[in-house]
Amino acid sequence: MMGNITVVGLGASSIDQLPLGIYRKLTQHEGTIYTRTKEHPVVQVLANEGVQFESMDNVYESFDQFEQVYEAISNQLIQKSLIEDVLYTVPGHPMVAERTVKILRNNEEVKVDVIGGQSFIDALFSAVKVDPIEGFQLLDGTDLKRELIQYRQHIFIAQVYDEMAASEVKLTLMEDLPYDYPITIVDSAGDIENEKVNTVPLYQLDRQFQFSNLTTLYIKPADSSLLHHQFDTIREVVARLRGPGGCPWDQKQTHESLRRFLIEEAYEVIDAIEEEDDAHIAEELGDVLLQVMLHSQIAEESGYFTVNDVIRSITDKMIERHPHVFGDVSVDSAEEVKKNWEQIKQKNRPKTESVLDELNESLPRLLFAKEIQKKVSKVGFDWNEPTSMFSKVEEEIKELQEALSNESTSDAEMEFGDVLFSLVNVGRYYQLDPELALHRTSVKFIKRFKKLEEMLKHDQINIDDASLELMDHYWEKAKQTENE
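Those letters in the sequence shown? Residues 1 to 484, by full-length UniProt numbering.
In C-alpha cells, the structure reads:
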C-alpha cells in the first residue's frame, strides 16, 4: 500500500501572501493538518479561524542534530499516510530549503504532491536590495559546509532558527571573514508589518536577536583582499603576474627555467621542518605551491593542462590507491596499504622490458641510487639481512683504499661511488633517506663551524692563523655546546 501526502507551502510570512485556492484548501480540509512548525504567521491566523493543526515542533527537542529531526518528522508522516491521506504544511515554498520534503520525495512508499507557497527568496532580494542576476547562493544554516561557500557572491543562509544555529553559522563564517564583517539578519521578509532587517558585526551574530523559522542571514560579496587565503585568489595572482602588464621576470619563465626553484623550495620546507617552526613550514609550503601554480599557468597558456587537471590527477590517484578508505577493501596494517599501493601502481603502467626502464633521471644521484635499489628489490635482488650489507660496505671501502694507493683517479672515483651506493643500500634497509641524512649533516656542520668561528673571534683568534689542532679543539667545544 502506498501512502499519499500533499505538501502545502505557507508562503514567506503573512497570510496576505497566501493564494485564495490554497486558503480554501486549508480551511475546508476535514480533519487535522500536520505542520512542521506552528511558529508561522499563517498557521496562527488559520488556527484562530478553527483550522486544526498538529505541530512537529516537539520533535526538535528529541534530537541533537537537525538531520535526525527531519528524518523523524518524515518517518512520522509516512506512517500516518499509510492510514490516511496526509495534508502537511511547511513555511515558504515546499521545494525551497525544505529538507523534510526532499526526504519524503525520495521515499518510494509514498506519493507526494507539492502545491502552493510563495518562496521567501523574492522577498529577501527586496529586503536587502539585491539583484539575483549578480549571482547568489542559498545555503542551509543547519548544514553549513565551509568548502561550499562562495564569498564573491551574494550569500543567503536560511534555517537559522535560534541562537545556537546562529552561533554555529558564526563560527563557520569566522574561518574566512573578519570578526566585524557586516551580517544582515532578515526576519519575516515580505511581511509589511513584521519584516525586520538588522545588520550586525559577525561576532555579534548570535547575540541579542530574536531568531525564528522566518530568519535568514545575508552576507554581501567579500572583497578579494579578504580572500587571500583561498585557492582562487592565488590562481588569479599568478595569472596576473604572467599576463599583460604583469611581472617581466614571471612572464619569461618556462618549465625548464623553474626546475631548480622547485628543488630549492622543497629543501627550504625540509629546513623549516628541522627547525620545528610551524609558521615557517607554512611559509615554505606556500613557496612550493607557488611553483606548482607557475608551472600550471605556463601549461594553461600553451593549452596543455591547467591546475584543475593537476588537482584532478592527484585526487583520482589518491582515491584509486586507497580502496581501503574509498572502497570496500580491508587492510590490517600499513604494510598491506603499501603492498596494495604498489599493485595498483603497477597495474596502470605499461609493460617494460626491464624493471629499470622507468627510472627518473632528474633525481639527485643519492636518490637515484635509492630508486634503482628499490626497483630491483621488488624482484628479489636484495640483501636479506644487515650483516651482509655492512660487510659489503667494508669491502667497498677496502677497494677504494686500494684504488687510491694505485693513484688511479678514474678507478678511485668508481670505487668511491661503490662505497656511496652500498651506504645508500644500508640507509634504504633502515628506512633512512640518504638525501635528508646528508642534508641534516650539512646543516649541522654549518652551525657547528659557525660556532667555532664565533668562539675563535670571542677569544680574539684570527681563524687564518689558527692551526688545525686549535680549530679541532674549538670544534669539540662547539660540539659540546649543542647538548647544553
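Glycine residues also receive a C-beta, built at the ideal position from the N, C-alpha and C atoms.
For residue 241, the secondary structure class from DSSP, reduced to helix, strand or coil, is helix.
Within its own chain, the residues whose Cβ lies closer than 6 Å to the Cβ of residue 69, once the five positions on either side in sequence are excluded, are 59, 60, 63, listed in chain order. Sequence-distant Cβ neighbours of residue 281 in its own chain, meaning closer than 7 Å and more than five residues away, are 269, 272, 273. The beta carbons of residue 435 and residue 367 sit about 5 Å from each other, so the pair counts as a contact at 8 Å. Taking a C-beta distance under 7 Å as the contact criterion, residue 94 and residue 7 qualify as a contact pair. Contact between residue 376 and residue 294 is ruled out by a C-beta separation of about 36 Å, above the 8 Å threshold.
Unbroken beta strand (DSSP E) stretches of 3 residues or longer found wholly inside the stretch 124–191: 136–140, 154–158, 182–187, given in chain order. Exclusion of the five residues before and after residue 323 leaves 329 as the residues of its chain whose Cβ lies within less than 6 Å of its Cβ. In this structure, the alpha-carbon of residue 76 lies about 10 Å from that of residue 82. Beta-bridge partners assigned by DSSP to residue 262: none are found.
Under the rule that a run must span 4 or more residues, the alpha helix (DSSP H) segments found entirely inside the UniProt domain "NTP pyrophosphohydrolase MazG-like" (253–326) read 259–275, 278–302, 307–320, 323–326. DSSP links residue 398 through a beta bridge to no other residue.
Within the same chain, Cβ atoms closer than 7 Å to the Cβ of residue 341 are found at 321, the five residues on either side in sequence being excluded. The three-state secondary structure of residue 232, taken from DSSP, is helix.
Collapsing the DSSP output to three states places residue 113 in a strand.
Residue burial is scored here from C-beta neighbours: residue 381 has fewer than 16 other C-beta atoms within 10 angstroms and is therefore classed as exposed. Put simply, of 386, 419, 409 the residue whose alpha carbon is nearest the alpha carbon of residue 393 is 419.
Runs of the beta strand (DSSP E) spanning 3 or more residues and lying entirely within the UniProt domain "NTP pyrophosphohydrolase MazG-like" (386–451) do not occur at all. Cβ-Cβ separation between residue 100 and residue 160: approximately 17 Å, too far for a contact (criterion under 8 Å). Cβ contact annotation for residue 80 (same chain, cutoff 6 Å, sequence separation greater than five): 86, in chain order.
Counting other Cβ atoms within 10 Å of its Cβ, residue 43 reaches 16 or more and is therefore classed as buried. For the pair residue 339 and residue 317, the Cα-to-Cα distance works out to about 16 Å. Look at residue 200 here: in three-state DSSP terms it is strand.
Its Cα nearest to that of residue 300, the residue 255 stands out among 116, 255, 287, 333. In the displayed model, residue 66 falls within a helix according to three-state DSSP.
Between residue 107 and the set 296, 4, 304, 249, the nearest pair of CA atoms involves 4. The Cβ atoms of residue 460 and residue 425 lie no closer than 7 Å to each other.
Looking from the CA of residue 29, the closest CA among 38, 46, 36 belongs to 46.
Out of 84, 88, 118, the CA that lies nearest to the CA of residue 96 is found in 118. When the Cα atoms are used, residue 449 and residue 428 turn out to be separated by approximately 29 Å. Between residue 422 and residue 399, the C-beta spacing is not below 7 Å.
Proximity of the stretch 143–154 to the stretch 201–210 falls short of the contact definition, fewer than three beta-carbon pairs being nearer than 8 Å. Ranked by Cα distance from residue 442, the first of 167, 464, 128, 267 is 267. Residue 482 carries a coil assignment under DSSP once its states are collapsed to helix, strand and coil. Shown here, residue 7 sits in a strand according to DSSP, grouped into three states.
The residue among 364, 370, 379 with its C-alpha nearest the C-alpha of residue 346 is 379.
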